[in-house]
């Protein structure tokens, strides 16, 4: 009887959420993130809370007090989404969320930088990504969000960081001979689809901020080159990787990496001048990807962890990314409005199957590297309100809200 009652309550909650307006759902999601975010640190062993890095005793190992505290590309995505939501709804608390997050990082990173020991993995230290910039993950998306915050908070340290990040990105990062960004792992000069998002949103904003065309041209080059190496003509999807040493792609059309590629193209088109010689070509590539992923949308309106493998689980972060990308493209007139149904079906699927009554997103694939077997992708764990999914979900909600307003 209790089990039957629990099922009934769950079904009722799902129905109530599905019946809520898009704005109500998006507010609930954003407010849950606000609730879960705790800016501070917690002792790994003593479990004590420290409100600042300066309060952490020497030699006491600590971690972030909440997953939303850190300095990671996912935090950059979330900050941008919160800012967009706040601007759309006229709600300063969401814009302030990003400003507080960025400020906390700048106020606290130096303590850990001073205690950093060579030979230790940078991500083992809070804010290790901040002061090392070892990977594009560490600073690209965060820099894009800092640039947005800087429009309101003219803190000199922000500008200095942005200039350092831009120089590091454009002059010091590992590349192929044709300037494509690559990584030194898991093998030398490995191309990761994810890195298109880790670079392009920052590049295009830096182009607008400085007025220097070189940043936009760099972003265009990356989109064209990533497409050259990763696009699968047969399946009409992007591969997760390309190995320079083997001159071949990896094994998976991973959902979220396709989402990162889609989002990077959207950010580029947002900033690219209407008369740019490559604009028509870039819109064509975006539409081609949208029509490609549309073939793999499930009956629930969602997409699978491995897009062309329907026996892999329905994954929330990539589904949210695709909803956002398609709705954004329709809202800006880049693709025909009839394709809006791809996004609206995906949004309804997220509400019905993946967002719980508290506004938390379920079944978000955790951070994922590159492996040479599909089992790795099939068996990646999932989390609830895991940091890889909440930003894309808010992005999706914002664009669906705009889409609904267009239809009125």
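Numbering (this note's numbering), first residue to last: 926 to 1333.
The C-beta atom is built at its ideal place from N, Cα and C for all residues, glycine as well.
Only a predicted model underlies this, so the values are computations on that prediction, with no experimental measurement involved.
N- and C-terminal bounds of the beta strand (DSSP E) containing residue i
i            : result
residue 994  : No beta strand (DSSP E) contains residue 994, which DSSP labels as neither H nor E.
residue 1101 : Unbroken run through residue 1101: none, as it is neither H nor E.
residue 1283 : Run containing residue 1283: none; DSSP gives neither H nor E here.
residue 1115 : 1115-1117
residue 957  : No beta strand (DSSP E) contains residue 957, which is instead part of the alpha helix (DSSP H) from 947-961.
Expected contact under 8 Å - CB spacing of residue i and residue j to nearest Å
i            : j            : result
residue 1211 : residue 1259 : 6 Å
residue 1031 : residue 1082 : 5 Å
residue 1118 : residue 1302 : Incorrect: roughly 13 Å between the Cβ atoms, too far for contact.
residue 906  : residue 1053 : For residue 906 there is no data in the structure shown, the boundaries of the chain being 926 and 1333.
residue 1232 : residue 1221 : 5 Å
residue 1225 : residue 1239 : 6 Å
residue 978  : residue 1033 : 4 Å
residue 954  : residue 1180 : At roughly 20 Å, the Cβ-Cβ gap does not stay under 8 Å, so residue 954 and residue 1180 are not in contact.
residue 951  : residue 968  : Actually they are not in contact, since the Cβ atoms of residue 951 and residue 968 sit about 35 Å apart, beyond 8 Å.
Residue i burial status per 10 Å Cβ neighbour count (16 or more: buried)
i            : result
residue 1311 : buried
residue 932  : Low confidence applies here, because residue 932 scores a pLDDT of 48, under 50, leaving its location unreliable and the question unanswered by this model.
residue 1147 : buried
residue 1316 : buried
residue 1252 : buried
residue 1331 : exposed
residue 1282 : exposed
residue 1193 : buried
residue 1321 : buried
residue 1170 : exposed
residue 1124 : buried
residue 959  : exposed
residue 1276 : buried
residue 1348 : This structure cannot settle anything about residue 1348, because the visible part of the chain is limited to 926 through 1333.
residue 1200 : exposed
residue 915  : Outside the shown range of the chain (926 to 1333) lies residue 915, about which nothing can therefore be said.
residue 1291 : exposed
residue 1151 : buried
residue 1304 : exposed
residue 1051 : buried
residue 934  : Because residue 934 carries a pLDDT of 44, less than 50, the predicted location of this residue cannot be relied on, and no value is offered for it.
Sequence-distant residues of its chain with Cβ nearer than 6 Å to residue i (five each side left out)
i            : result
residue 1127 : 1065, 1068 and 1069
residue 995  : 989
residue 1009 : 1323
residue 1327 : 1256
residue 1093 : 1058
residue 1195 : none
residue 1086 : none
residue 1325 : 947, 1252 and 1272
residue 1027 : 1071 and 1074
residue 1313 : 999, 1242 and 1289
Span of the alpha helix (DSSP H) around residue i
i            : result
residue 1132 : 1125-1135
residue 1319 : 1312-1331
residue 1274 : 1265-1274
residue 1037 : 1017-1040
residue 1152 : 1138-1155
residue 1065 : 1061-1075
7 Å CB neighbourhood of residue i in its chain, flanking five on each side removed
i            : result
residue 1143 : 1095 and 1128
residue 991  : 961, 962 and 963
residue 1287 : 1241, 1279, 1281 and 1309
residue 1187 : 1214, 1246, 1247 and 1250
Cut-off 8 Å between Cβ atoms - residues of its own chain near residue i, not counting five sequence neighbours on either side
i            : result
residue 1115 : 1107, 1108, 1109, 1166, 1167, 1168, 1169 and 1295
residue 1265 : 1251, 1252, 1255 and 1328
residue 1191 : 1211, 1249, 1250, 1253 and 1254
residue 1013 : 1323, 1326 and 1327
Contact test: residue i Cβ vs the ligand GTP heavy atom, cutoff 7 Å
i            : result
residue 1248 : In the structure on display, the ligand GTP does not appear, and there are no ligands present to speak of.
Which complete alpha helix (DSSP H) runs does the region 1168-1245 hold, if anything under 4 residues is left out? 1180-1196 and 1204-1219
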